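Novice: The structure's right below; bear with me while I get my questions together.
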Amino acid sequence: MSRARAYVLVAVVAALPRLVVLLVERGHILTSGTDKADDFARTFVASGTYGFVAGHPSAYTQPLYGFFLVPIYWIFGRHWEIVGIAQIAVAAGTALLVYEIGRRVVSNTAGVIAAVLATLHPYLVWHDVHLNREILDQFLAAAIVLLTLVLASRPTIRVAALLGLALGLGILGNVRLAALPLVVAFFVLWRAGLHRGALAAVGVSLAVTGLVVAPWVIRNRVSVGCVAITTDAKALWKANDVNTYRTLTHGGWIDDVPNYPGAPPTPEQAFGYYQAYGKYPAVNECSQMNFYSHKVHAFWFHHFGAKVKLALLAGQMEWQPSVVETSGRPEKGTFVDSLRTSAEPVYVIPLYVLGLLGLVFVPRAFAVLAVLLLAYQTAVAMIFVGVTRYRVPWDFVLCVLAAASVLELVRRVREWRVAGGARKAADEPA
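Quick note on numbering: the sequence shown equals residues 25 to 454 in my numbering.
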């Protein structure tokens, strides 16, 4: 299959099932389980303020997804069709990047298989058309992996700058990736060697990453009052509290962790008050960030055993084949919920097996990169608490490994059949 035909095939396979889901879910796209970035984008389009409420700039979310929505809302308005089509286009772009990764690592056929496996992930087919930031996480993750492979094989300033751009945007979309540039730099230097060209390329990549993130951090220092990518330290605290383990093991999610007594109000709580009463109460965003950050550190230092126990649970939740089910999950008890619950393990368990086998069949460099990336995601999950939606943006790495396994198994079956046919022919009398 030619590269052009592969592109068409992969794009169609990515788009068609998501279009079906979009039509089925059209009444829920803009109303159920939307990301905070949706509120920020609507406020920005209406008033020019990036925050919950006009005149009150905020950093209480990771900014990338909101600024992805801003031009869509500004030009076309906030409509389920427009948002859905835009996100389907991003999903198709992600699939094409996965194809290029598989093509580069194994073969053209492996690229097609990996892209199809990745884009037909049952969870993603449903998740990608809803207002959730992970749609950009997937695209940038695939871009980071592809650019890392290119840079490691041939360090150039241009590719290094593009990698830095992807890493910077990735951090603005998901603060969990804050240390990923160091992991990538380590891999590139290990693969390319400690020569001047490789060191310069890594330096450029790290510098560009910083330049991409810096304007947002400076904006927060000037407009909000503190240096931060996000001031939502409460999310980290909810994943690191003495009540978190019990909440998670009794069917709840970290959002169900009881509020800390006497804690300062968060911008999100103030926004809820504003929606109910039409008045936005005074909030010290930086103060509440520092408050919850202190509580997290106190939990780590004073409840180390509890943190280890919680980290092990978080790692399990990150990698369990079934979707993590919480008592307050969207569409609980519906057909969609049942389909998610049943389809995910059927897809994920073979993917895990084939992915593990694939470590033997891919080039050593990609196997090392895959292990580094998946280990990083596991470590981060153990800090923040893992869940299906945080793992799936990186499942394409397993899909590339699985594609290599599929091709190797097919090759061995063919050889076995040929050998069996030859033995049979030799045993037949003349």
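Beta carbons: idealized from backbone N, C-alpha and C, even for Gly. It should be emphasised that the depicted structure is a prediction, and the values quoted were computed from it without experimental measurement.
#1: DSSP three-state call for residue 77: helix, strand or coil?
#2: Below 8 Å CB to CB, which residues in the same chain sit around residue 124 once its five sequence neighbours on both sides are set aside?
#3: Give me the residue from 249, 320 and 401 with the minimum Cα distance to residue 165.
#4: When you compare the CB positions of residue 323 and residue 283, do they come within less than 7 Å of one another, or not?
#5: Answer yes or no: does any C-beta atom of chain C fall closer than 7 Å to that of residue 433?
#6: Less than 7 Å between the beta carbons of residue 41 and residue 367, yes or no?
#7: Could you tell me whether the region 53–72 touches the region 93–100, using the rule of 3 or more Cβ pairs below 8 Å?
#8: At which residues does the alpha helix (DSSP H) containing residue 205 begin and terminate?
#9: Evaluate contact between the region 214–225 and the region 240–253, counting only Cβ atoms and requiring at least three cross-stretch pairs below 8 Å.
#10: Between the beta-carbon of residue 38 and the beta-carbon of residue 143, is there less than 7 Å?
#11: Between which residues of its own chain and residue 294 is the CB-CB distance below 7 Å, once the five residues before and five after are set aside?
#12: Which residue comes first and which comes last in the alpha helix (DSSP H) that contains residue 219?
#13: Which two residues bound the contiguous alpha helix (DSSP H) that contains residue 250?
#14: Can you name, in chain order, every residue of its own chain whose Cβ lies under 6 Å from the Cβ of residue 290, other than the five neighbours on each side?
#15: Roughly how many whole angstroms lie between the Cα atoms of residue 80 and residue 51?
#16: If you run the structure through DSSP and keep just helix, strand and coil, what is residue 102?
#17: Find the nearest neighbour of residue 150 within the set 78, 416 and 399, judged by alpha-carbon distance.
#18: Could you check how far apart the C-beta atoms of residue 393 and residue 211 are, in whole angstroms? I think they sit under 8 Å.
#19: Where residue 317 and residue 178 are concerned, what is the direct C-alpha to C-alpha distance, given to the nearest angstrom?
#20: Might you give, ordered along the chain, the residues of its own chain that have their beta carbon closer than 6 Å to the beta carbon of residue 215, omitting 5 neighbours on each side?
#21: Please confirm whether any heavy atom of the ligand HEM lies closer than 6 Å to the CB of residue 326.
#22: Looking only at C-alpha atoms, which of 173, 107 and 160 sits nearest to residue 387?
#23: Taking a contact to mean a Cβ-Cβ separation below 7 Å, would you say residue 139 touches residue 34 in this structure?
#24: Between residue 153 and residue 336, what straight-line distance do the alpha-carbon atoms span, to the nearest angstrom?
#25: Buried or exposed for residue 89, please, with buried defined as at least 16 other CB atoms from any protein chain shown within 10 angstroms of its CB.
#26: Can you give the beta carbon distance from residue 197 to residue 157, rounded, assuming they're within the 8 Å contact cut?
#27: Starting from residue 401 and walking both ways along the alpha helix (DSSP H), at which residues does that stretch end?
#28: What's the C-alpha gap between residue 348 and residue 377?
#29: Can you find the residues in the same chain that come closer than 8 Å, C-beta to C-beta, to residue 36, ignoring five residues on each side of it along the sequence?
#30: Report the rounded CA-to-CA distance for residue 436 versus residue 233, giving the unit in angstroms.
#31: When the Cα of residue 297 is compared with those of 329, 76, 68 and 53, which residue comes out closest?
#32: Can you give the Cα-Cα distance for residue 28 and residue 82, rounded to whole angstroms?
#33: With DSSP as the reference, label residue 4 as helix, strand or coil.
#34: Would you mind giving the Cβ-Cβ distance between residue 115 and residue 159, rounded to the nearest angstrom? I have them listed as a contact below 8 Å.
#35: Under 8 Å by Cβ, that's how I've got residue 183 and residue 396 pegged, so tell me the actual separation to the nearest angstrom.
#36: Would you say residue 330 and residue 406 are within 7 Å of each other, going by their C-beta atoms?
Specialist: Checking against the coordinates, here is how it stands:
#1: strand
#2: 135 and 170
#3: When each option's Cα is compared against that of residue 165, the closest is 401.
#4: no
#5: No chain C appears in this structure, which consists of one protein chain only.
#6: no
#7: yes
#8: 204–216
#9: no
#10: yes
#11: 304, 305 and 307
#12: Neither: residue 219 is in no alpha helix (DSSP H) and is coded neither H nor E.
#13: It is not in any alpha helix (DSSP H) - residue 250 carries neither H nor E in the DSSP assignment.
#14: 258 and 312
#15: 31 Å
#16: coil
#17: For the residues 78, 416 and 399, the minimum Cα distance to residue 150 belongs to 416.
#18: 5 Å
#19: 41 Å
#20: 176 and 389
#21: Ligands in the displayed structure: none, and consequently the ligand HEM is not present.
#22: For residue 387, the nearest C-alpha among the options comes from 173.
#23: yes
#24: 32 Å
#25: Buried.
#26: 6 Å
#27: 388–408 is the span of the alpha helix (DSSP H), which, as asked, contains residue 401.
#28: 20 Å
#29: none
#30: 44 Å
#31: 76
#32: 44 Å
#33: For the chain, the structure presents residues 25 to 454; residue 4 sits outside this window and is missing.
#34: 7 Å
#35: Actually they do not touch by this definition, with Cβ atoms about 19 Å apart.
#36: Residue 406 is positioned such that its CB atom lies no closer than 7 Å to that of residue 330.
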